[in-house]
Amino acid sequence: MNPPSLTLGYVPGATPAKWARVWAERHPAVPLLLQAIDAADAPDAVRAGTVDVALLRPPPDVSGLSVIPLYEETTVAVVPKDHVFTAVDEITVADLHEEPVLLPADDVVGWAHAPGQLLDHRPETTMDAIELVAAGLGALIVPQSLARLYHRKDLCYRPIADAPTCPVALAFSEGSAATLVDEFVGVVRGRKAGSSRGQAQPAPKRSAREKTLAKQAARAAAGKVARQSGGTRRGRR
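Here full-length UniProt numbering is used: position 70 in the sequence shown is 70, and no number is missing along the way.
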């Protein structure tokens with residue numbers, strides 16, 4: 001019988017390191033197996049059980065998946081280092097209107113009406129598009145994490161201030177009752193070690209007035225007990 005383990009898939013740009021460290025601390029006997037997967041393949045990898053959970057970019061079709069939004073990424077434009085955009089800290093959609101723009105076949109931004117003059121040639125991958133940006137053929141619009149992942153000395157990127165953001169989510173099979181999956185969801189959501197969704201919630205905090213009334217009631221009760229016992233000596237408070 002194989003020892004238990006959990007397989008976490010992650011798409012380019014996603015960073016599972018933080019959660020992997022927490023998992024290792026809480027479950028040292030259960031390995032977390034990391035598996036890099038292409039963004040387009042991630043949803044089906046979860047559906048097929050190739051991975052137990054995945055850090056991915058939410059697909060249009062989420063059938064068969066439970067998807068938990070995690071964070072939103074800034075959308076940026078990657079350009080050559082000597083491009084005019086490098087003179088400012090950020091650009092706007094309007095700045096891109098006359099700019100030639102590359103759209104790779106594995107585009108993950110999914111911007112329906114992206115700005116710029118889309119080039120007819122579509123590179124197969126984002127990495128191929130990066131090479132074409134370096135050659136001066138056009139700009140590339142990607143999530144900031146991909147700009148960092150494929151960073152080169154001859155390129156730079158600038159945030160697009162009014163562009164849609166790029167979401168990242170955690171996905172697992174819909175209706176999954178696997179304990180390890182639930183434990184990992186807890187890690188991602190910041191659930192403390194040893195806690196569970198089924199535990200009773202802590203009592204709500206009392207207001208200052210409620211605390212004062214409780215103290216007065218406790219003192220009155222203590223005085224009553226002292227009188228009944230015949231004691232006349234008071235303890236220091």
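Heads up, the beta-carbon is just placed ideally off N, CA and C, and yes, glycines get one too. This structure is a prediction, so every number in the text was calculated from the model and none was measured.
Between Pro80 and Leu155, the C-beta spacing is below 8 angstroms. Glu25: member of the alpha helix (DSSP H) spanning 17-26, first to last residue.
With fewer than 16 neighbouring CB atoms inside 10 Å of its own CB, Val88 falls in the exposed class. Assignment of beta-bridge partners to Ala54 by DSSP yields Gly9, Ala171. For Leu34, the uninterrupted beta strand (DSSP E) run begins and ends at 32-36, by DSSP.
In this structure, the beta-carbon distance from Ala42 to Val11 falls below 8 angstroms. By alpha-carbon distance to Pro123, the top candidate from Leu137, Val188, Thr179 is Leu137. Here the alpha carbon of Ala178 sits roughly 40 angstroms from the alpha carbon of Ile160.
Nearest in C-alpha terms to Val67, of all of Val84, Arg57, Glu73, Val76, is Arg57. Closest option to Leu32, judged by alpha-carbon separation, among Ala54, Thr7, Val46: Thr7. Between Val142 and Val76, the gap from beta carbon to beta carbon is short of 8 angstroms. Note on geometry: alpha-carbon atoms of Trp23 and Pro164 lie some 32 angstroms from one another. Judged by DSSP in its simplified three-state form, Leu65 adopts strand.
Here the alpha carbon of Glu73 sits roughly 6 angstroms from the alpha carbon of Pro167. Residue pairing by DSSP places Ile160 opposite Ile91 in a beta bridge. For Val51, same chain residues with a beta-carbon under 6 angstroms away, outside a window of 5 residues either side, are Thr7, Gly9, Gln35, Ala45 in chain order. DSSP, reduced to helix, strand and coil, places Leu149 within a helical segment of the structure shown. Under the three-state reduction of DSSP output, Glu131 falls in the helix class. The C-beta separation of Glu174 from Gly64 comes to about 5 angstroms, placing the pair in contact by the 8 angstroms criterion.
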